[in-house]
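Working notes, structure below.
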Amino acid sequence: LVRTSVQTSTSWKAPIIWDGMFDPNLYDQRHTEEKSSVALTVFAVGRYLDAYLKTFLTSAEQHFMVGLPVTYYVFTNSPEKVPNITLASLRYIKIVQVEKHMRWQDISMMRMRTISEIIEFGSEALGDSVALLHAHFYKLPQAQFTYDRNPKSKAFMETGDFYYHAAIFGGLWQNVKHLVDACYLGIMEDKLNNVEALWHDESHLNKYFWIHKPSKLLSPEYCWDQSISDRQDILVTRLVWAPKHYDTLRTR
31 LVRTSVQTST SWKAPIIWDG MFDPNLYDQR HTEEKSSVAL TVFAVGRYLD AYLKTFLTSA
91 EQHFMVGLPV TYYVFTNSPE KVPNITLASL RYIKIVQVEK HMRWQDISMM RMRTISEIIE
151 FGSEALGDSV ALLHAHFYKL PQAQFTYDRN PKSKAFMETG DFYYHAAIFG GLWQNVKHLV
211 DACYLGIMED KLNNVEALWH DESHLNKYFW IHKPSKLLSP EYCWDQSISD RQDILVTRLV
271 WAPKHYDTLR TR
């Protein structure tokens, strides 16, 4: 199956997955035969739990990897507030209590450490190393990518391949652990040097994928911002950005 209007492969021959390029039934059959299982990490800290978690989990049960065993790892500072969702067979929720940081930037960055600490108990995900093209940057020239340009930061980049969105990344658990460990070490070294990367953990993620090329890229269909008016490439939206109410959700 072919999509001629969009880039479907990288210079290192990794596929970029768009709707119309694949037969989902073949993927489902393959992973069923291989008895693949999926671990999905979800961070719901502070007001984000009340605002988004129930809708996210309910939608995931309807659309995410239907037919495969899935464990949702819900990282939260309020385990008692995690909603009771009816799950299909072989699908589970595991709640992992985490501390709540004062600044939203630290909440975002410290998830790298949290994933690393729990991932040895997770199952393999789909694809060896999976990155997501950022919906706001995939059509822009590289000169407009918002890489971290501060040479003092471990996330510093002069050039790159694509601009990746930190909302979704994945792969075999060993590869994800290597990724989050590397990002966490970079974040902590920056903290020791009183430096903070421009886009926090996302800047470190982009640096990682520049050095360690992902084996599969997801198109912006997999996390689309509906405020973008130009959607001629987007035949289907598999995950949609939720409206962000930063004034009420974020700590300073």
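Going letter by letter, the sequence shown gives residues 31 to 282 in our numbering. Ideal placement from N, C-alpha and C gives every residue a C-beta, glycine not left out.
With 16 other Cβ atoms within 10 Å as the buried cut-off, status of residue i
i	result
Asn55	exposed
His230	buried
Gly216	buried
Val104	buried
Met139	The predicted model places Met139 with a pLDDT of 49, which falls under 50 and marks its position as unreliable, so this point remains unresolved.
Ser119	exposed
Asn205	buried
Asp178	buried
Ala155	Low local confidence applies: a pLDDT of 30 at Ala155 is under 50, so the model's placement there is unreliable, with the coordinate-based value given in what follows. By the neighbour-count rule (16 or more Cβ atoms within 10 Å), Ala155 is buried.
Ile149	Summary for Ile149: the model assigns pLDDT 42, below 50, so the residue's position carries little reliability; its value from the coordinates is reported in the next sentence. So Ile149 counts as buried.
Element boundaries [beta strand (DSSP E), containing residue i]
i	result
Leu235	It is not in any beta strand (DSSP E) - Leu235 instead sits in the alpha helix (DSSP H) that spans 231-241.
The alpha helix (DSSP H) enclosing residue i, as first and last residue numbers
i	result
Leu215	203-222
Ser89	84-93
Asn55	54-63
DSSP bridge partner residues for residue i (one or two, in chain order)
i	result
Tyr102	Leu70, Ile123
Val160	Gly200, Lys246
Trp254	Val270
Ile46	Leu247
Ser39	Pro45
Cβ separation of residue i and residue j, assumed to be a contact under 8 Å, to the nearest whole Å
i	j	result
Lys246	Ala81	That pair is no contact at about 31 Å.
Arg60	Glu91	In fact, because the Cβ distance is near 22 Å, the residues do not count as touching under 8 Å.
Ala227	Asp220	6 Å
Cys253	Leu269	5 Å
Is the stretch 98-118 in contact with the stretch 59-73, if contact means three or more CB pairs nearer than 8 Å? yes
Would you check if the stretch 198-216 and the stretch 239-259 touch, i.e. whether three or more CB-CB distances between them fall below 8 Å? yes
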